[in-house]
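The structure under discussion appears below in the form of structure tokens.
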Amino acid sequence: MEPSEKTQHPSTFECELCGLTAPYSYYGQKPPNPYSVALLEKSYVMKDPFTPDKDKFLILGSHCSLCCKHVCVGTDCSLFYSKRFCLPCVKLHLKEFPLEIKQDLEKKTHSKSQSSKKPDSKDSKKS
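Each residue of the sequence shown is one higher than the one before, counting from 1 in UniProt numbering.
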């Protein structure tokens, strides 16, 4: 069941990939604010808790346009390329994406494997 675009009461968004949970106050493309911002996708939005400005908001996530999973906007979970895609779907359909997306994904995978191979700083200082 998809939430109403006019959701104003707090509900909880949960990323199905990383488990991030956060209360959202709005779902849709036009968050209620005086700036008339229109988002490119229906998104789960919360008021920004880091600022006293009540008109500022954070985008938590959306639905993958292929598998419909709830995914956060974190780069380890999804990407936006005209639509929101979860990374598992991107990997499954990689040949259908532009070369730049493939290169970015390879860089990210390479940097993760390099960071997991770095020696612990405590070990490197031993004499």
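The beta carbon of each residue, even a glycine, is placed where N, CA and C say it ideally should be.
Fill in: Given residue 97 as reference, the closest of 60, 80, 30 once Cα atoms are compared
80
Worksheet item: Mapping DSSP to helix, strand and coil, what is residue 23?
Response: strand
Discussion item. Three or more C-beta pairs under 8 Å: does that hold for the region 55–74 against the region 13–21?
Written reply: yes
Discussion item. My output table needs one value for residue 89: the three-state DSSP class, helix, strand or coil.
Written reply: helix
Discussion item. Let's see if you can read the secondary structure: which residues bound the beta strand (DSSP E) around residue 47?
Written reply: 43–47
Fill in: Collapsed DSSP secondary structure at residue 14 in the structure displayed
Of the three classes helix, strand and coil, the one that applies to residue 14 here is strand, per DSSP.
Worksheet item: Which residues in the same chain as residue 56 place their Cβ atom closer than 6 Å to its Cβ, once the five residues preceding and following it in sequence are excluded?
Response: 48
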